[in-house]
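In order, the protein sequences belong to chains A and B.
Counting in our numbering, the first sequence runs from 213 upward without gaps.
Counting in our numbering, the second sequence runs from 576 upward without gaps.
We treat Cβ as the ideally placed atom computed from N, Cα and C, and that holds for glycine.
Only a predicted model underlies this, so the values are computations on that prediction, with no experimental measurement involved.
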Amino acid sequence: MDALNVYAAKLAPQQESLAPGHRACQGCAELLAVRLVAKTLGRDYIIANATGCLEIVTSSFPHSAWQVPWIHVAFENAAAVASGVEAGIKSLKKKGRYPVDRKITIVAQAGDGGTVDIGLQALSGALERGHDFIYICYDNEAYMNTGIQRSSSTPYGAATTTSPAGKESIGQVTMKKNVAEIAVAHDIPYVATASPSYPFDLMEKVRKAADMEGPAYIHVLAPCPTGWRMAPNLAVSIGRLAVETKVFPLYEVVNGEYRMTVQYKHHRPVKDYLKPQGRFRHLQEKEIEFIQQYVDASYEKLLKKIAMSEG
Amino acid sequence: MAKKTGIEVSLGISEAVKLADVDAIAAYPITPQTHIVEHLSELVADGELNAEFIPVESEHSAMSVCAGTAAAGARTYTATSSQGLALMNEILFIIPALRLPIVMTLANRALSGPISIWNDHSDLMSVRDTGWIAIFAENGQEAFDLTLQSFKIAEDHRVLLPISVNIDGFTLSHVIEPHEFLSQEEVNEFLPPYQPLVQLNPDKPVSMGMVGIPEIFFEAKKAQDVALIESKAVIKEVFKDFGDRFGRYYNVIESYRTEDAETLLLTMGSISETAMEAIDVMRDEQGRRVGLLRLRLWRPFPVDELREMVKGVKTLAVIDRAVSFGGTGGPVAGEIRSALYSTADRPYVASFIAGLGGRDVTVKDFMDMAALAEKMEAEGEIHEYKMIGVRE
């Protein structure tokens, strides 16, 4: 907590750039995260938004929830549009046709579908070209906007409408794609995972990303009560369980150096995270054990990277 | 008379883009557009053009980046061809809806398959209904002049629509032609810096590209259609302004030796130069009353001008460079038949499809098409379209 010095809610910025009254589902953790990002960045930022839940719930003409400049073009191109906004402003600043007196942060934001599947190419292109922007993926682990279809970010064993559990299938049969690591492979200055269940950690990371020159990637786990088949009041606690069970560790990678930002001495079994969620309801002990092993192994891999960074 | 410079047409277009002092260029290489963007990136690298050149990873991103730069308020340029245009397709529809005045050179090339790098107009025809203004250049000078004029047209607050300037791939893009360039001072006076009506700026936040619920979607689309139709008046105004300043006048439909013509050929793009030669031969050596119309403005379609120009003409032979598979005629011919259907003394419209995928269309082909069209008219032949110059 070195950039913001915020340890308590009352110390967080009062200003809201995301107006209330949007149409998100009850208990939506994605909008909670978006609000925290908005609080962190204040009014000096511009958003390029991908098609998805976030876009439709905040921009139904003539109502916009955005009090900062906001553009939506299509589904798979938020990173490309953001790089255009960044390059356009850079050019106009050079020519004295855009206010030069303050730093404006460019944020691309998209869901997991718009990031890890259809938007991966545009994301990779923008990261590789080195635009000064933050890409935030709000990952609710399926295509929620279209009705809970599986994406490559859907975890193993989750039932979705296109990876249903049945006699011949346990639901999603593939492992969740790790796009934070793909971002790291682009050798960019800043990559982090974050969760709205850890608001100050999230805000801190957004601040760091904004202050850094060059591309930053933040992967936010955004529990979705509708798609995860759970009660809306569980969104925040399930986000905590994702971290406490090692399913979604919170870490950052600054110029290639890994660091865990939220540490637990003891971790809870993965079962505690799976159980409250209807999408995992069908899983048997054997499958839960398999997931536990996979989570343990992934976590060990991450610890090794952190150890290497510290070493 | 001003000095003429012999230069490749692609380089001439790049010079126009440089003189327009564009702020941002996003492009992906595709044959035959490459020489344009290669030269532009050189100009940026050498400091001769103060712009951001964004070498994107696909055409889809090229057009998406252009959306971003234009929304930020930057004068924006790109160029593409064929498959590249096809990959942009999704975003092409959104640009005019967002009213972003992007200028794009389209070096026309056949769409795959079979894959072909050679010229026809199937790429442009595939994006007919995207809502872009589409203009055709037939030689290097026109390509240079129209590129400059396009920025002025697109950025006019009465228009605010994207424009594609079409040049035939290879047969125009890669040939060396005489160009009469303009000085930077002349261009600055003609084309001041872009003043966006709205832009992404935290001082005055706007939301762009919001959800169109059924209560407003239709109205948004109508507004877009009206804007495109009404852009024709501004296009003519800019053509006249340019002509008055620099002595080169442009029209939405150009005509060649149409006086007292009974038969007209109608073309778009660089084959018009060959067509003119054919007209000369038919007029001067055979004494036939034939002339040529060159459609410069494809969108918005110049309906009134067309109706006026074919008055009293018996036969109109439309030469298309694309197929509308299983349709009722070449795309241009179909449009023209529709435009003339409600007029009283409409000419007989013969639809010919020629020159696909780089197939040469010769002087003799044009003469044959004129003769065939006249024969079809005389016999009252009912037809959809005929392909010319293809082996059966």
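Hey, would you say residue i sits closer than 8 Å to residue j, going by beta carbons?
{"i": "residue 381(A)", "j": "residue 329(A)", "result": "no"}
{"i": "residue 359(A)", "j": "residue 265(A)", "result": "no"}
{"i": "residue 708(B)", "j": "residue 736(B)", "result": "yes"}
{"i": "residue 407(A)", "j": "residue 432(A)", "result": "yes"}
{"i": "residue 649(B)", "j": "residue 598(B)", "result": "yes"}
{"i": "residue 392(A)", "j": "residue 368(A)", "result": "no"}
{"i": "residue 656(B)", "j": "residue 689(B)", "result": "no"}
{"i": "residue 725(B)", "j": "residue 738(B)", "result": "yes"}
{"i": "residue 277(A)", "j": "residue 233(A)", "result": "yes"}
Consult DSSP for residue i and reduce its assignment to one of helix, strand or coil.
{"i": "residue 891(B)", "result": "strand"}
{"i": "residue 213(A)", "result": "With a pLDDT of only 47 at residue 213(A), under the threshold of 50, the placement of this residue in the model should not be trusted; the figure read from the coordinates follows. In the structure shown, residue 213(A) sits in coil (DSSP, three-state: anything other than H, G, I, E or B)."}
{"i": "residue 525(B)", "result": "Residue 525(B) is absent from the structure shown; chain B starts at 576 and stops at 967."}
{"i": "residue 382(A)", "result": "strand"}
{"i": "residue 724(B)", "result": "helix"}
{"i": "residue 343(A)", "result": "coil"}
{"i": "residue 693(B)", "result": "coil"}
{"i": "residue 718(B)", "result": "helix"}
{"i": "residue 440(A)", "result": "helix"}
{"i": "residue 872(B)", "result": "strand"}
{"i": "residue 230(A)", "result": "strand"}
{"i": "residue 665(B)", "result": "helix"}
{"i": "residue 821(B)", "result": "helix"}
{"i": "residue 425(A)", "result": "coil"}
{"i": "residue 400(A)", "result": "coil"}
{"i": "residue 349(A)", "result": "strand"}
{"i": "residue 926(B)", "result": "strand"}
{"i": "residue 412(A)", "result": "helix"}
{"i": "residue 365(A)", "result": "coil"}
{"i": "residue 272(A)", "result": "strand"}
{"i": "residue 599(B)", "result": "strand"}
Just curious, the beta strand (DSSP E) that residue i is in, first and last residue?
{"i": "residue 323(A)", "result": "317-323"}
{"i": "residue 627(B)", "result": "627-630"}
{"i": "residue 961(B)", "result": "961-963"}
{"i": "residue 471(A)", "result": "469-472"}
{"i": "residue 357(A)", "result": "No beta strand (DSSP E) contains residue 357(A), which DSSP labels as neither H nor E."}
{"i": "residue 780(B)", "result": "No beta strand (DSSP E) holds residue 780(B); DSSP gives it neither H nor E."}
{"i": "residue 581(B)", "result": "580-583"}
{"i": "residue 679(B)", "result": "678-683"}
{"i": "residue 739(B)", "result": "738-743"}
Enumerate in chain order the residues of its own chain whose CB-to-CB distance from residue i is below 8 Å, with the five nearest sequence positions on each side excluded.
{"i": "residue 876(B)", "result": "910, 914"}
{"i": "residue 255(A)", "result": "227, 229, 279, 280"}
{"i": "residue 571(B)", "result": "No answer is possible for residue 571(B): it lies beyond the span of chain B, which begins at 576 and ends at 967."}
{"i": "residue 635(B)", "result": "662, 663, 665, 666"}
{"i": "residue 486(A)", "result": "369, 492, 495, 500, 503"}
{"i": "residue 508(A)", "result": "458"}
{"i": "residue 856(B)", "result": "938, 942"}
From what residue to what residue does the alpha helix (DSSP H) around residue i run?
{"i": "residue 639(B)", "result": "634-647"}
{"i": "residue 506(A)", "result": "497-522"}
{"i": "residue 651(B)", "result": "Not the alpha helix (DSSP H): residue 651(B) falls in the beta strand (DSSP E), residues 651-655."}
{"i": "residue 757(B)", "result": "Neither: residue 757(B) is in no alpha helix (DSSP H) and is coded neither H nor E."}
Could you name the residues of the same chain whose beta carbon sits closer than 6 Å to that of residue i, not counting the 5 residues immediately before and after it, in chain order?
{"i": "residue 733(B)", "result": "809"}
{"i": "residue 960(B)", "result": "904, 905, 926, 928"}
{"i": "residue 958(B)", "result": "none"}
{"i": "residue 824(B)", "result": "818"}
{"i": "residue 652(B)", "result": "592, 597, 600, 678"}
{"i": "residue 418(A)", "result": "249, 252"}
Among residues of its own chain, excluding the 5 on either side of residue i, which ones have a beta-carbon nearer than 7 Å to its beta-carbon?
{"i": "residue 520(A)", "result": "none"}
{"i": "residue 588(B)", "result": "611, 680, 718, 719, 722"}
{"i": "residue 456(A)", "result": "476, 479, 480"}
{"i": "residue 754(B)", "result": "579, 580, 582, 587, 715, 716, 719"}
{"i": "residue 889(B)", "result": "837, 838, 922, 923, 952"}
{"i": "residue 902(B)", "result": "909"}
Does the ligand GDP have a heavy atom nearer than 7 Å to the CB of residue i?
{"i": "residue 458(A)", "result": "The ligand GDP is not part of this structure, which contains no ligands at all."}
Checklist entry - Looking at C-beta atoms only, is the number of pairs between the segment 741-760 of chain B and the segment 238-250 of chain A that lie closer than 8 Å three or more? => result Between the segment 741-760 of chain B and the segment 238-250 of chain A there are fewer than three inter-stretch CB-CB distances shorter than 8 Å, so the stretches are not counted as touching.
Checklist entry - At a cut of 8 Å, does the segment 335-346 of chain A reach the segment 280-296 of chain A through at least three beta carbon pairs? => result Yes, the segment 335-346 of chain A is in contact with the segment 280-296 of chain A.
Next on the checklist: Under 8 Å, with one C-beta from each stretch per pair, do the segment 663-672 of chain B and the segment 762-778 of chain B reach the 3-pair mark?
Outcome noted: Between the segment 663-672 of chain B and the segment 762-778 of chain B there are fewer than three C-beta pairs closer than 8 Å, too few to call the two in contact.
Checklist entry - So, do the segment 878-896 of chain B and the segment 915-924 of chain B have three or more beta carbon pairs nearer to each other than 8 Å? => result Pairwise C-beta distances place the segment 878-896 of chain B in contact with the segment 915-924 of chain B, as three or more of them are shorter than 8 Å.
Item to check | Cβ pair count under 8 Å reaching 3, the segment 270-278 of chain A against the segment 616-625 of chain B | outcome: Flag = no, the segment 270-278 of chain A and the segment 616-625 of chain B do not touch.
Next on the checklist: Quick check: the segment 376-390 of chain A against the segment 300-314 of chain A, are at least 3 beta-carbon pairs closer than 8 Å?
Outcome noted: Taking one beta carbon from each stretch, the segment 300-314 of chain A and the segment 376-390 of chain A have fewer than 3 pairs nearer than 8 Å; the two do not touch.
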